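Peer 1: Shown below is the structure under consideration.
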Amino acid sequence: MKITEATVRQVAELANLRLTETETARMAREMESILGHIDKMAELDTTDVPPMAQVLYDAGETGTLRADVEHAPLSNDSAVANAPLAGNGFFKVQLVIER
Amino acid sequence: MNVASLTIDQVRAGLRAKEFTATELAQAALDFAAAENAKTNAYLHFSAERALSAAAEVDAALGRGEDPGPLAGVPIAVKDVILVKDVRNTCASRLLEKFVAPYDATAVQRLEAAGGVIIGKANCDEFAMGSSNENSAFGPVRNPVALDRVPGGSSGGSAAVVAQGTAVVSLGSDTGGSIRQPASFCGVVGVTPTYGRVSRYGLVAFASSLDHIGPFARNVRDAATLLQSIAGRDPADSTSAFAPVADYSGAMTGDIRSMRLGLPKEYFAGLESETGGLVEKGIAALRRLGAEVREVSLPNTEYAISCYYVICTAEASSNLARYDGVRYTSRAAGANSLAGMYRETRGEGFGAECKRRIMLGTYVLSHGYYDAYYIKAQKVRTLIARDFANAFKEVDALITPVSPFPAFKLGEKLDDPMQMYLSDIYTITGDIAGIPCMSVPCGATHDGLPVGMQILTNHFEEAAMFRIAEAFERNGGIAAA
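Sequence lines, in order, name chains A and B.
Numbering of the first sequence is given in our numbering, commencing with residue 1 and proceeding in unit increments.
Numbering of the second sequence is given in our numbering, commencing with residue 100 and proceeding in unit increments.
The structure is reproduced here in structure tokens:
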């Protein structure tokens, strides 16, 4: 699979990731090399094999239900304490809607 | 008291005999760790206040004649991706340099409830992505056994502090080998429990279907004690398992006669010769202890790296999407739109390996490639898990190398990500299947570099795994061969 710099730019856009020109060129080479190795999977016949998303174990029918008791959630102050910019208990960001 | 070589049993005996108090031990451990840290850079920061208050509680409990718990007074390091409330949690990333944890991970709550004393946060690869600890934004960790070499990764700091003696035990995390590989490189015991055996609540997510928390220790018994304290169902993690936790200590009888051990033939091809020779000696020792050894096959092993690097990058790209400059401490200055701020913050904050994995993950999940890569990898995951299920019909445990080679030099593999990925070849399969696996020290090369032997058992069979490892250790490791 050929990975061009244009592909890298398109994927970086999807990932909300700024890459410099140098990073973009390097990323194209590295992704091509890694995906080349990953393409080995295509050799395997996986018709009728179900996909495995998670390691699952049997549990009782109601095992995942917890007792219906209140407990305090993370406080608003704690939730915004690590924000680069907060005010009035909210996260603050750039203007999104123009008047 | 010699802080650098203490075991959990010795801490317990010392406290009981009043040779030292928990507070004295905590202070001594903090002083020693701070003084030694310049050699290895294994700690990112210390949690003196928290440690001294936990130690004071242990002393108070002892004063009241109460049992302060199985980890009472034990100085513990925690990898800097596992949250300790009110202590910084950087994930070894510039992006989270100032992040302070708003709550405790369940594993942290449990080890403190058992009397453990957390003295600091251990360095690691950024967001636990790497196999050498060179991806830390705060400098690599040096291997205490050979300072010009890597300690392995991603939990390199957690392995190094235990090898160096600056903590008695530690917690790390493992997604593709990040506990076992550094344990083998540093010559300590490292355990990746069954997926879901230890709650992931408070572990910063990398690849959620593969992430595990697990212990490092200088001997098997200490690792088992630590796991015993943190294992078990947690309603705060919906993937945590309901299965009852076995009694690990009682399982370590030293008797492995008639246990059936399998050697997967795919794991012994292409092994660097000195490492291979040491693992062969380890197997010979197990045979001498009465285990029955036979060859088995895990035929889909050669597809594991491909499968792993699709699933882990896909999950990582989703999990790391949250670091967008809104909630998590860092925001790039100067961007004048919201989207621009996201891009600049992430471009500035993430290191090269994180960017690589975000890009690969986004690519394999993108329109047109989702089926060919992501769904295909999940199907291959099923085949690899089936290989293990079939093998465990014939044997009680599998014995393999941990890494194809011992600790390499700093910088040696940094320029070739694919070479770095290939070094995980023997460890990622255990994570893919979600089975328990561990590294136990298995001698050293002529240059004095430690080598680990890997023991893998079926889901929730940690007790059998510890029994084998402890019998091996008790009889002198490869010396019993």
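In this text, a Cβ means the ideal position worked out from N, Cα and C, and glycines have one as well.
It should be emphasised that the depicted structure is a prediction, and the values quoted were computed from it without experimental measurement.
Would you check if the distance between the CB atom of Val-395(B) and the CB atom of Ile-382(B) is smaller than 8 Å?
Peer 2: Along the second sequence, one-based indexing puts residue 395(B) at 296. Along the second sequence, one-based indexing puts residue 382(B) at 283. Going by C-beta atoms, Val-395(B) is not nearer than 8 Å to Ile-382(B).
Peer 1: In the DSSP assignment, find the alpha helix (DSSP H) that holds Tyr-142(B) and state where it starts and stops.
Peer 2: Mapped onto the second sequence, residue 142(B) falls at position 43. Counting along the chain, Tyr-142(B) falls outside any alpha helix (DSSP H), though it belongs to the beta strand (DSSP E) covering 142 to 145.
Peer 1: Tell me whether Cys-190(B) sits in a helix, a strand or coil according to DSSP, three-state version.
Peer 2: What you label residue 190(B) is simply residue 91 of the second sequence in a count that begins at 1. If DSSP states are grouped into helix, strand and coil, Cys-190(B) belongs with coil.
Peer 1: So if DSSP puts Asn-242(B) in a beta bridge, which residue, or which two residues, is it bridged to?
Peer 2: As a working mapping, residue 242(B) is identified with position 143 in the second sequence. For Asn-242(B), which the question treats as bridged, DSSP gives the partners Ala-245(B).
Peer 1: Who are the near neighbours of Tyr-57(A) in its chain, counting only those whose CB is closer than 7 Å to its CB and skipping five residues on each side?
Peer 2: Against the first sequence, residue 57(A) aligns to sequence position 57. Taken in chain order, the list of residues that qualify is empty.
Peer 1: Indicate whether Ile-524(B) and Thr-556(B) have their beta-carbon atoms separated by less than 8 Å.
Peer 2: Taking the first residue of the second sequence as position 1, residue 524(B) is located at position 425. Taking the first residue of the second sequence as position 1, residue 556(B) is located at position 457. Taking 8 Å as the Cβ cut-off, Ile-524(B) and Thr-556(B) do not qualify as a contacting pair.
Peer 1: Could you tell me the alpha carbon to alpha carbon distance between Val-199(B) and Asn-435(B), rounded to whole angstroms?
Peer 2: Along the second sequence, read from residue 1 onward, the residue named residue 199(B) stands at position 100. Along the second sequence, read from residue 1 onward, the residue named residue 435(B) stands at position 336. Val-199(B) and Asn-435(B): Cα-Cα distance of roughly 27 Å.
Peer 1: Which value, in whole angstroms, describes the spacing of the CA atoms of Arg-485(B) and Glu-365(B)?
Peer 2: For the purposes of this step, residue 485(B) is taken as residue 386 along the second sequence, with counting starting at 1. For the purposes of this step, residue 365(B) is taken as residue 266 along the second sequence, with counting starting at 1. If I take the Cα positions, the gap works out to 15 Å.
Peer 1: Could you check whether the segment 480 to 499 of chain B touches the segment 35 to 51 of chain A, counting it as contact only if at least three pairs of C-beta atoms, one from each stretch, sit closer than 8 Å?
Peer 2: Yes, since at least three Cβ pairs between the segment 480 to 499 of chain B and the segment 35 to 51 of chain A fall closer than 8 Å, the two stretches touch.
Peer 1: Starting from Glu-443(B), find everything on chain A with Cβ-Cβ shorter than 7 Å and list it in chain order.
Peer 2: Against the second sequence, residue 443(B) aligns to sequence position 344. Going along chain A in sequence order, the residues near Glu-443(B) (Cβ under 7 Å) are Arg-18.
Peer 1: What residue from Asp-514(B), Ala-316(B), Glu-443(B) and Val-378(B) has the CA that sits closest to Ala-431(B)'s CA?
Peer 2: Locating residue 431(B) in the second sequence gives position 332, where the first residue counts as 1. It is Glu-443(B) whose Cα lies nearest to the Cα of Ala-431(B).
Peer 1: Any beta carbon from chain B within less than 8 Å of Thr-46(A)'s own beta carbon?
Peer 2: Within the first sequence, numbered from 1, the residue matching residue 46(A) stands at position 46. For Thr-46(A), the answer is yes, since a Cβ of chain B falls inside 8 Å of its Cβ.
Peer 1: Using a beta-carbon distance cut-off of less than 8 Å, what residues from the segment 49 to 71 of chain A approach chain B?
Peer 2: The segment 49 to 71 of chain A vs chain B, Cβ under 8 Å: Val-49, Pro-50, Pro-51, Met-52, Ala-53, Gln-54, Val-55, Tyr-57, Ala-59, Gly-60, Gly-63, Thr-64 and Arg-66.
Peer 1: Taking only beta carbons into account, state which residues of the segment 332 to 366 of chain B come closer than 8 Å to chain A, listed in chain order.
Peer 2: Answer in chain order: Pro-334, Ser-337, Thr-338, Ala-340, Phe-341 and Ala-342.
Peer 1: Only counting runs of 3 or more residues, tell me where the beta strand (DSSP E) segments fall wholly within the segment 123 to 186 of chain B, in order along the chain.
Peer 2: The qualifying runs are 142 to 145 and 174 to 178.
Peer 1: Check the DSSP bridge columns for His-664(B) and list the partner residues they point to.
Peer 2: Given a span of 100 to 580 for chain B in the structure shown, any question on residue 664(B) remains unanswerable.
Peer 1: Give the secondary structure of Ile-218(B) by DSSP, where H, G and I count as helix, E and B as strand, and everything else as coil.
Peer 2: Start at 1 with the first residue of the second sequence, and residue 218(B) comes out as number 119. In the structure shown, Ile-218(B) sits in a strand (DSSP, three-state: E or B).
Peer 1: Arg-279(B) lies in the beta strand (DSSP E); which residues open and close that run?
Peer 2: Indexing the second sequence from 1 puts residue 279(B) at position 180. Here Arg-279(B) belongs to no beta strand (DSSP E); instead the alpha helix (DSSP H) covers 279 to 285.
Peer 1: Would a check of beta-carbon distances place Asn-76(A) closer than 8 Å to chain B?
Peer 2: Within the first sequence, numbered from 1, the residue matching residue 76(A) stands at position 76. False, the Cβ-Cβ gap to chain B never drops below 8 Å.
Peer 1: Would you mind giving the Cβ-Cβ distance between Met-31(A) and Met-458(B), rounded to the nearest angstrom? I have them listed as a contact below 8 Å.
Peer 2: Locating residue 31(A) in the first sequence gives position 31, where the first residue counts as 1. Locating residue 458(B) in the second sequence gives position 359, where the first residue counts as 1. About 6 Å separates the two Cβ atoms, so the contact holds.
Peer 1: Using a Cβ distance threshold of 8 Å, determine whether the segment 216 to 223 of chain B contacts the segment 485 to 504 of chain B, with at least three qualifying pairs required.
Peer 2: The answer is no - the segment 485 to 504 of chain B does not touch the segment 216 to 223 of chain B, with fewer than three Cβ pairs under 8 Å.
Peer 1: Kindly list, in the order they appear in chain B, the residues whose Cβ is closer than 7 Å to that of Pro-84(A).
Peer 2: Taking the first residue of the first sequence as position 1, residue 84(A) is located at position 84. Ordered by position in chain B, the residues that pass the 7 Å Cβ test against Pro-84(A) are Gly-424, Thr-428, Ser-429 and Arg-430.
Peer 1: Could you tell me if Val-186(B) is buried or exposed, where buried requires 16 or more neighbouring beta carbons within 10 angstroms of its beta carbon?
Peer 2: Position 87 of the second sequence, counted from the first residue, corresponds to residue 186(B). That one is buried.
Peer 1: Should the segment 319 to 331 of chain B be called in touch with the segment 457 to 472 of chain B, which here means at least 3 C-beta pairs below 8 Å?
Peer 2: Touching, no.
Peer 1: Report the neighbours of Val-479(B) on chain A: residues whose CB is nearer than 7 Å to its CB, in chain order.
Peer 2: Your numbering for residue 479(B) matches position 380 in the second sequence. Residues of chain A passing the Cβ test: Met-41, Leu-44 and Thr-46.
Peer 1: By the three-class DSSP mapping on this structure, what secondary structure does Arg-296(B) have?
Peer 2: In the second sequence, counting from the first residue as 1, residue 296(B) sits at position 197. Coil at Arg-296(B), not helix or strand.
Peer 1: Taking 8 Å as the threshold (C-beta atoms), are Glu-414(B) and Ala-306(B) in contact?
Peer 2: For the purposes of this step, residue 306(B) is taken as residue 207 along the second sequence, with counting starting at 1. For the purposes of this step, residue 414(B) is taken as residue 315 along the second sequence, with counting starting at 1. Yes.
Peer 1: For the alpha helix (DSSP H) containing Cys-223(B), name the first residue and the last one.
Peer 2: If you number the second sequence from 1, residue 223(B) lands on position 124. Taken as a continuous stretch (DSSP letters only), Cys-223(B) belongs to no alpha helix (DSSP H), as it is neither H nor E.
Peer 1: Tell me whether Ala-191(B), by its Cβ, gets closer than 7 Å to a heavy atom of the ligand FAD.
Peer 2: As for the ligand FAD, it is missing from this structure, which has no ligand bound.
Peer 1: Should His-311(B) be labelled buried (16 or more other beta-carbon atoms within 10 Å of its own) or exposed?
Peer 2: Locating residue 311(B) in the second sequence gives position 212, counting from the first residue. Buried, by the Cβ-count rule.
Peer 1: Suppose the cutoff is 6 Å on Cβ atoms and the five residues either side in sequence are ignored; what does the same chain contact list for Ile-410(B) look like?
Peer 2: Within the second sequence, residue 410(B) is the residue found at index 311, counting from 1. Counting only Cβ-Cβ distances below 6 Å, and skipping sequence neighbours, we find Ala-476.
Peer 1: What number of angstroms, rounded off, separates the C-alpha of Ala-597(B) from the C-alpha of Val-102(B)?
Peer 2: An answer regarding residue 597(B) cannot be provided, because it is not within the stretch 100 to 580 covered by chain B.
Peer 1: Using a beta-carbon distance cut-off of less than 8 Å, what residues from the segment 472 to 498 of chain B approach chain A?
Peer 2: Listed by position along the chain: Tyr-472, Ile-474, Lys-475, Ala-476, Gln-477, Lys-478, Val-479, Arg-480, Thr-481, Leu-482 and Ala-484.
Peer 1: Between which two residues does the alpha helix (DSSP H) carrying Leu-385(B) extend?
Peer 2: Sequence index remark: in the second sequence, residue 385(B) carries index 286 (1-based). Looking at the DSSP string, the run of the alpha helix (DSSP H) that includes Leu-385(B) is 372 to 387.
Peer 1: From what residue to what residue does the alpha helix (DSSP H) around Leu-521(B) run?
Peer 2: Sequence index remark: in the second sequence, residue 521(B) carries index 422 (1-based). Counting along the chain, the alpha helix (DSSP H) containing Leu-521(B) begins and ends at 516 to 521.
Peer 1: With a threshold of 8 Å between beta carbons, is Phe-91(A) in contact with chain B?
Peer 2: Looking up residue 91(A) in the first sequence gives position 91. Closer than 8 Å to some Cβ of chain B, the Cβ of Phe-91(A) qualifies, so yes.
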